[in-house]
Structures are given as structure tokens and as C-alpha cells.
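Q:
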Amino acid sequence: METILHTPGHLPLDRIDVWFQDEARFGQQNPTTRIWAETGTRPRIVKQQQFDYGYLFGAVCPATGQTEALVSPFVNKEAMTQHMRQISHATPVGRHAVVIIDGAGWHTYDTAAEFKNLTLIKLPPY
518 METILHTPGH LPLDRIDVWF QDEARFGQQN PTTRIWAETG TRPRIVKQQQ
568 FDYGYLFGAV CPATGQTEAL VSPFVNKEAM TQHMRQISHA TPVGRHAVVI
618 IDGAGWHTYD TAAEFKNLTL IKLPPY
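Written out as C-alpha cells, the structure reads:
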């Protein structure tokens with residue numbers, strides 16, 4: 518119901534672009550450390566234990582072939598709002614973007630509230 522209320526009814530369907538958005542985590546987790554050593558010895562070695570991650574927000578409009586992406590060191594509502602800002606700026610004047618999103622915790626309707634040319638549609642849960 519919220520989607521219907523925020524999608525402008527005065528625009529014909531040929532002026533609405535459907536975008537699909539998601540994000541992915543890429544990271545570094547170090548593998549088991551191996552070293553050369555003399556047979557019969559068990560040398561000790563310091564191994565890096567921390568993990569390092571980056572997140573890629575991506576969206577595509579199959580009808581136009583247009584894409585938008587954002588690389589972020591974290592994933593939250595602020596990063597999602599920034600990605601919605603990119604999609605809003607990429608949408609030509611006089612057109613409206615409907616963005617299909619999944620149910621992640623930072624995918625909330627208020628991330629698109631400030632953009633008049635953008636509406637979010639959440640996919641239902643499994």
C-alpha cells in the first residue's frame with residue numbers, strides 16, 4: 518500500500534523505470550599460514566587474525582541498461598540513502614524510478630523519502 522501511495526499516478530507506465538538493487542560483501546580472511554622449516558621442528562609464526570571487508574551497492578535498470586554502484590566500508594541506512602541519491606540523480610527529469618529491494622534491515626522506506634522521483638518496492642520474505 519505504501520508503494521502505491523508514493524508512486525505518482527499521473528505518470529504513464531512508459532515513463533517509469535524499474536531498477537533492481539542489492540549489495541554484496543567482499544572481504545579478506547587470511548588462510549592457514551605455512552612456512553618452510555627444518556624437518557622435525559615446529560617453529561612459531563605470527564599470523565594476521567583480523568578480517569577486512571568492503572561492501573558494493575549495485576543497481577541496474579534492464580530497460581535502459583543504466584547502472585549505478587557505490588563502494589562503502591560499511592553497510593547501513595546512510596550508505597543506502599547515498600545509493601538512492603545516485604539512482605535519483607541518474608533518473609532523467611520527467612521520469613520516475615521504481616527500485617526493487619530485498620528485506621535487509623537497512624532497506625527502509627525512509628531512505629528514499631527525500632527523493633521525489635524514486636519509489637521503493639520491497640520483495641516479500643521467503
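For the working numbering, add 517 to where a residue sits in the sequence shown, where the first one is 1. For glycine and all other residues, C-beta sits at the position ideal for the given N, C-alpha and C.
Is H613 helix, strand or coil when you go by DSSP?
A: Strand.
Q: Cutting at 8 Å between CB atoms, please list the residues of its own chain near E555, excluding the five before and the five after it.
A: So no residue of the chain qualifies.
Q: Is A607 helix, strand or coil when you go by DSSP?
A: Three-state result, A607: helix.
Q: Return the CA-CA distance between E540 and F574, expressed in angstroms with no decimal places.
A: Approximately 4 Å, taken between the alpha carbons.
Q: Can you find the residues in the same chain that come closer than 8 Å, C-beta to C-beta, to W623, ignoring five residues on each side of it along the sequence?
A: The residues are V592, N593, K594, A596 and M597.
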